[in-house]
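**Student:**
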Amino acid sequence: MSALSTGQRDRLAIHPATSMGTVRLTVSDVDRSREFYERAIGLRPSELEDGGVHLGAEGGPPLVELHADASAAPLDRSAPGLFHLAILLPTRVDLALALARLANARVALDGASDHLVSEALYLSDPDGNGIEIYRDRPREDWRVRDGELQMATLPLDLDSLLNELGDRSELAPRVPADTRIGHVHLQVSDLEQAERFYSGVLGFDVTVRGYPGALFVSAGGYHHHLGLNTWHSAGSPPAVRGAIGLRSFEIVLPTREELDRVLGRVRAAGIEVAGGTERSLIRDPFGNGILLRAA
Numbered sequence: 057m058s059a060l061s062t063g064q065r066d067r068l069a070i071h072p073a074t075s076m077g078t079v080r081l082t083v084s085d086v087d088r089s090r091e092f093y094e095r096a097i098g099l100r101p102s103e104l105e106d107g108g109v110h111l112g113a114e115g116g117p118p119l120v121e122l123h124a125d126a127s128a129a130p131l132d133r134s135a136p137g138l139f140h141l142a143i144l145l146p147t148r149v150d151l152a153l154a155l156a157r158l159a160n161a162r163v164a165l166d167g168a169s170d171h172l173v174s175e176a177l178y179l180s181d182p183d184g185n186g187i188e189i190y191r192d193r194p195r196e197d198w199r200v201r202d203g204e205l206q207m208a209t210l211p212l213d214l215d216s217l218l219n220e221l222g223d224r225s226e227l228a229p230r231v232p233a234d235t236r237i238g239h240v241h242l243q244v245s246d247l248e249q250a251e252r253f254y255s256g257v258l259g260f261d262v263t264v265r266g267y268p269g270a271l272f273v274s275a276g277g278y279h280h281h282l283g284l285n286t287w288h289s290a291g292s293p294p295a296v297r298g299a300i301g302l303r304s305f306e307i308v309l310p311t312r313e314e315l316d317r318v319l320g321r322v323r324a325a326g327i328e329v330a331g332g333t334e335r336s337l338i339r340d341p342f343g344n345g346i347l348l349r350a351a
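Numbering of the sequence shown is given in the working numbering, commencing with residue 57 and proceeding in unit increments.
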């Protein structure tokens, strides 16, 4: 990316109140996946007219949307697509409850990490779609060195986490009402191309370059709203359209004016925009679907 002046960067920057919305997945068996997200993750399901399923916290917006296609090509772990969707819980106690819920459901973890800015559990749904469940540390505890936010991947002390539960005998079956999608982590085939799109066009700020083969970008000083990596997908062509995995994810702008501003940059970059004025579907250079909408 070429250097930008402060004024140019401010004009291009995405609004600091930008957030992430619903992540839509294609799965092979919607009943099996619904049961997993409800029992193991603690999300509340609601049926869609087309046979799909919304899942979210009680009284909150949908976090995950499932659509079944038994004939879809299987998930290709070497293709661009979803690395994981990340469900953000409000407190460390909630993360401990999530760990206990997973243990009761006999769901094995793929990993558990302390990232300095957050603590995270990693797992996969029945089709292999990656999931992170995490809680943030307070922003005042985040460390910055030489202008870059410090993140790491250290082992998470699960015993310490479970100690948050004390002697409670009952576990909450659902996530709390203010649970949300904190970030989305994507597999891409080229990081420079990803930066030109997500930072240069959409306007996210680069927060972390220190991970080999990865880049993290955000709005409003968050540690990351989007993770981008080439660990398994460097140089790979787009995934087969309609395969198991990511259908789209939402980027939510705070106002209609901010949405129009971003869409103006998208169109100026020659990127096709589909859909109406309230929700616009675009694709990144790797075929990942992005639904842009106003809050």
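Idealized CB from N, CA, C, for every residue including glycine.
So, for Asp-125: in the same chain, excluding its five sequence neighbours on each side, which residues have a beta-carbon less than 6 Å away from its beta-carbon?
**Tutor:** Thr-82
**Student:** Cα separation between Leu-247 and Gly-283?
**Tutor:** 11 Å
**Student:** With three or more C-beta pairs closer than 8 Å as the rule, is the stretch 112 to 120 touching the stretch 212 to 227?
**Tutor:** no
**Student:** For a test of the three-state rule: what should DSSP assign to Tyr-278, helix, strand or coil?
**Tutor:** coil
**Student:** Straight-line CA distance for Leu-60 to Val-200?
**Tutor:** Because the pLDDT at Leu-60 is just 49, under 50, the model does not fix this residue reliably, and the point stays unresolved.
**Student:** Looking only at its own chain, which residues have a Cβ that is under 8 Å from the Cβ of Arg-193, when we skip the five neighbours before and after it?
**Tutor:** Excluding sequence positions up to five before and after Arg-193, its CB lies within less than 8 Å of the CB of Leu-172, Val-173, Ser-174 and Glu-175, all in the same chain and listed in chain order.
**Student:** Taking the DSSP output, what are the residues bridged to Glu-121?
**Tutor:** Arg-80 and His-110
**Student:** Checking 8 Å against the spacing of the C-beta atoms, do Arg-17 and Ala-350 come in under that value?
**Tutor:** Residue 17 is absent from the model: the chain starts at 57 and stops at 351.
**Student:** Reducing DSSP to helix, strand and coil, say where Glu-105 ends up.
**Tutor:** coil
**Student:** With C-beta atoms as the reference, is Leu-141 less than 8 Å away from Leu-155?
**Tutor:** no
**Student:** Measuring only the C-alpha atoms, how far is Ala-129 from Gly-266?
**Tutor:** 34 Å
**Student:** Roughly how many angstroms lie between the CA atoms of Phe-342 and Gln-243, to the nearest whole one?
**Tutor:** 9 Å
**Student:** Is the Cβ-Cβ distance between Gly-326 and Leu-337 less than 8 Å?
**Tutor:** no
**Student:** Return helix, strand or coil for Ser-216, following the three-state DSSP convention.
**Tutor:** helix
**Student:** By alpha-carbon positions, which one of Pro-293, Thr-286, Gly-298 and His-281 ends up nearest to Leu-309?
**Tutor:** His-281
**Student:** Going by C-alpha to C-alpha distance, which of Ala-161, Leu-271, Gly-331 and Leu-153 sits closest to Gly-222?
**Tutor:** Leu-153
**Student:** Do you know how far the Cα of Glu-328 is from the Cα of Arg-321?
**Tutor:** 11 Å
**Student:** Looking at the unbroken alpha helix (DSSP H) that takes in Asp-87, where does it start and where does it end?
**Tutor:** 86 to 92
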